[in-house]
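In full-length UniProt numbering, the protein residues as written are 1 to 723.
Below you can see the structure in the form of structure tokens.
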């Protein structure tokens with residue numbers, strides 16, 4: 001039927017303009033920033049990327065940049081890169097029945113170039129430089145006025161970076177229909193999260209342009225359960241069940257590798273396999289989280305989702321929903337991937353039978369699990385129930401005497417085992433290794449790293465320091481100092497520090513933190529603990545320090561002058577400030593060979609400080625304290641005696657490394673100070689306290705004022721019983 005005019009005359013049928021055709025096609029594929037990102041993610045994975053980094057501005061409407069380390073795009077292919085139906089995945093229609101890649105129609109980049117400003121930076125391993133190209137409406141355009149449209153050589157790493165700017169700038173209706181920037185960004189995070197779960201060997205990072213740290217970050221060497229734990233939380237991960245199953249045509253191979261069975265040329269067309277991670281009856285949510293991947297492709301299936309929700313309807317309370325991750329591998333000849341412009345849906349043979357088998361397997365797994373909630377408890381570390389504090393010595397003595405009298409009777413006749421005593425609540429300690437703090441529920445990166453650092457994107461759980469081994473040293477003075485550390489160790493306090501659980505930082509500027517050991521809570525001065533720890537670590541590595549390089553190397557004299565100028569008075573020394581500076585510089589320059597050999601403290605003949613001793617890998621001291629540290633090396637170190645020299649130098653080094661602000665009363669005001677405070681908090685929790693657990697031999701002197709018990713669970717129960 002054709003449209004009619006006012007005079008009931010049929011209107012003529014015209015050919016649509018090419019630009020209009022492309023604009024309509026683009027609207028079918030690119031619905032919102034998240035759908036554009038999905039297409040780009042699939043291109044990255046098809047290129048064999050192991051690291052994918054996404055940067056977003058205004059929910060992806062102003063900027064959507066995705067960078068990968070895949071195979072890249074050849075320079076010769078750039079002119080037709082953004083034209084419709086240009087692809088490396090297909091050559092004939094028969095290839096469509098064997099397709100195993102994510103993309104195949106060649107419309108993603110073309111569609112983006114028609115509704116946004118598209119830029120591409122790419123480099124293959126064989127090329128000596130990267131190439132940058134700009135596209136508009138599927139064609140190459142100049143990047144700046146006056147330039148040619150040809151791709152330009154530029155610096156770049158192996159892989160491809162796609163930059164989408166001003167999405168829907170030429171379709172205002174579509175732009176106005178989008179939700180807020182925050183909601184669009186949450187959709188982007190949802191897409192990346194799902195692909196990160198299915199591709200745990202690929203590192204994913206997603207951040208906003210204005211944010212110093214990513215909102216999503218995954219390592220590149222995890223497995224699916226670890227990825228689910230990191231991205232969806234601890235409560236889901238600890239209640240996960242796992243099942244691997246497949247078609248009944250070859251049950252002997254059901255648990256084996258399915259890759260060979262699912263080749264396109266396989267004789268058994270109905271062969272399929274599946275792997276599922278799903279929650280048990282202990283977990284329930286308000287909304288079903290269902291991740292479905294068919295032949296590695298993220299899709300939706302209302303039929304499969306309804307069937308699995310029906311399985312849980314008899315297990316969970318009314319209104320409660322599960323978490324399900326399902327990966328299906330089906331012979332590509334049995335799957336039609338070309339049924340939706342965005343590949344959101346697929347059709348495959350025997351869909352009903354496969355769905356029934358999946359539902360039956362999940363139902364059997366759920367039925368075999370206990371339906372009750374489980375909590376893990378353990379008694380005190382002694383393995384026995386602690387005696388109430390009111391138990392008298394006389395009573396304990398009677399019990400020991402009675403036990404001795406009964407020894408003969410026990411030898412003649414073994415009594416039945418005593419009934420298990422119920423452990424009172426005040427003596428129970430939560431010991432499940434799956435428990436986590438609030439901060440660990442979110443991906444945490446080391447804020448001390450710069451944007452170009454290789455550690456960027458690692459979670460706090462993945463950050464581990466190398467083993468610090470004791471260096472071989474034949475100097476008797478060093479051996480004596482090491483023995484004095486062992487002799488001065490307080491065993492009970494060392495056990496508390498070794499087996500503590502970090503609770504949190506109370507006051508960063510007063511260096512106060514909370515730790516828990518057994519049923520007791522302690523307030524500790526982490527600055528004092530850190531100073532003693534760094535002294536012991538420095539003594540442990542004597543003569544074998546790594547180097548903390550300073551670039552550019554600062555001049556020694558300038559730093560000492562800064563510190564001396566800040567001193568209020570120098571009258572006690574009888575020297576002027578310039579004379580004090582000369583004296584300190586002279587002392588350090590005369591001993592720079594010894595400092596370099598024993599402490600990796602390198603000073604050039606011209607007086608430049610090239611490196612400092614690195615006491616703890618991953619921990620960066622506050623370099624604002626460097627001038628004061630250098631100044632104190634002059635008067636505070638006893639340079640006349642070997643043992644006293646080493647001891648006093650290491651004490652000053654430990655004081656320099658210990659956390660703490662230059663002005664304890666000052667609160668952070670500028671943005672830079674707030675970032676520095678955040679970085680220091682990260683180092684204290686994720687590097688300092690784990691190192692205390694691992695290496696610290698606590699001296700008794702810390703008990704005087706630096707470690708104080710502030711709460712005991714049994715005592716608190718007594719207080720509540722009186723209320």
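Every residue gets a Cβ at the ideal spot worked out from N, C-alpha and C, and that includes glycine.
Query raised in the report: Using DSSP with H/G/I as helix, E/B as strand and the rest coil, what is residue 566?
Result: helix
Query - Opening and closing residue of the beta strand (DSSP E) in which residue 500 lies - result: Element bounds for residue 500: n/a, residue is neither H nor E.
Query raised in the report: Is it right to say residue 314 is buried, meaning 16 or more other beta carbons lie within 10 angstroms of its own, or is it exposed?
Result: exposed
Query raised in the report: For residue 629, does the three-state DSSP call read helix, strand or coil?
Result: helix
**Report entry** Extent of the continuous beta strand (DSSP E) run through residue 487
**Finding:** Element bounds for residue 487: not the beta strand (DSSP E) but the alpha helix (DSSP H), 476–487.
Query - Where residue 605 falls: helix, strand or coil (DSSP) - result: coil
Query - DSSP three-state assignment for residue 68, whether helix, strand or coil - result: strand
Query raised in the report: Taking the Cβ atom as the reference point for each residue, do residue 643 and residue 480 lie within a distance shorter than 8 Å?
Result: yes
Query raised in the report: Leaving out five residues before and five after residue 112 in sequence, what residues of the same chain have Cβ atoms less than 7 Å from its Cβ?
Result: Within the same chain, residue 112 has close Cβ partners 30, 36, 118 and 164.
**Report entry** Alpha-carbon spacing of residue 56 relative to residue 169, whole angstroms
**Finding:** 17 Å
**Report entry** Reduced DSSP secondary structure (H/G/I, E/B, other) of residue 153
**Finding:** Residue 153: strand per DSSP, three-state reduction.
**Report entry** When 578, 237 and 614 are compared against residue 322, the one with the closest alpha-carbon
**Finding:** Residue nearest to residue 322 within the set 578, 237 and 614 is 237 (criterion: CA-CA distance).
**Report entry** Own chain, CB closer than 6 Å to residue 553, minus 5 neighbours either side, in chain order
**Finding:** 608, 609 and 610
**Report entry** Of the listed residues 244, 613 and 205, nearest to residue 231 (C-alpha basis)
**Finding:** 205
Query raised in the report: Out of curiosity, what's the CA-to-CA distance linking residue 377 and residue 518?
Result: Caution is warranted here: a pLDDT of 45 is assigned to residue 377, below 50, making its placement in the model unreliable, and no coordinate value can be reported.
Requested in this report: State the start and end residues of the unbroken alpha helix (DSSP H) segment that holds residue 330.
Outcome: Element bounds for residue 330: not the alpha helix (DSSP H) but the beta strand (DSSP E), 323–330.
**Report entry** Nearest-angstrom Cα separation, counted from residue 361 out to residue 724
**Finding:** This structure cannot speak to residue 724, because the chain is shown only from 1 to 723.
Requested in this report: Count the other C-beta atoms from every protein chain shown that fall within 10 angstroms of the C-beta of residue 613, then say buried if there are 16 or more, exposed otherwise.
Outcome: buried
Report task. Mind reading off the beta-carbon distance from residue 151 to residue 78? Whole number of angstroms is fine, and I expect it under 8 Å. Result -> 5 Å
Query raised in the report: Comparing alpha-carbon positions, which option in 369, 135, 47 and 583 lies nearest residue 242?
Result: 369
Requested in this report: Whole angstroms is fine: what's the gap from residue 638's alpha carbon to residue 649's?
Outcome: 8 Å
Query raised in the report: Among residues of its own chain, excluding the 5 on either side of residue 375, which ones have a beta-carbon nearer than 7 Å to its beta-carbon?
Result: Residue placement at residue 375 is flagged as unreliable, the pLDDT there being 45, under the threshold of 50; the coordinate-derived value follows with that caveat. Result list for residue 375: empty, nothing under 7 Å.
**Report entry** Distance between residue 310 and residue 284 (C-alpha atoms, nearest Å)
**Finding:** 14 Å
Query - residue 788 in three-state terms, based on DSSP - result: Residue coverage of the chain in this structure runs from 1 to 723, which leaves residue 788 outside it and unanswerable.
Requested in this report: Could you tell me how far apart the beta carbons of residue 72 and residue 48 are, in whole angstroms, since I believe they sit closer than 8 Å?
Outcome: No, residue 72 and residue 48 are not in contact; Cβ-Cβ is about 10 Å, not under 8 Å.
Requested in this report: Please state if the CB of residue 121 and the CB of residue 108 are separated by a distance shorter than 8 Å.
Outcome: no
Query raised in the report: Does the distance from the C-beta atom of residue 218 to that of residue 203 stay below 8 Å?
Result: Contact: yes.
Requested in this report: Name the two residues that bound the continuous alpha helix (DSSP H) containing residue 787.
Outcome: This structure cannot settle anything about residue 787, because the visible part of the chain is limited to 1 through 723.
Query raised in the report: Straight-line CA distance for residue 729 to residue 568?
Result: Nothing can be reported for residue 729, as the shown portion of the chain is limited to 1 through 723.
Query raised in the report: Can you tell me where the beta strand (DSSP E) with residue 52 in it begins and where it stops?
Result: 51–57
Requested in this report: Can you tell me which of the three DSSP states residue 578 falls into?
Outcome: Three-state DSSP puts residue 578 in a helix.
Query raised in the report: Are there 16 or more other CB atoms within 10 angstroms of the CB of residue 704, so buried, or fewer, so exposed?
Result: exposed
**Report entry** Helix, strand or coil at residue 297 [DSSP, three-state]
**Finding:** strand
Requested in this report: Assuming residue 725 contacts residue 355 (C-beta within less than 8 Å), just tell me the rounded distance between them.
Outcome: Look at the range of the chain in this structure, 1 to 723, and you will see that residue 725 is not part of it.
Query raised in the report: Counting Cβ pairs, one atom from each stretch, are 3 or more of them under 8 Å apart for the region 494–505 and the region 514–528?
Result: yes
Query raised in the report: Grouping DSSP H, G and I as helix and E and B as strand, with all else coil, what is residue 491?
Result: helix
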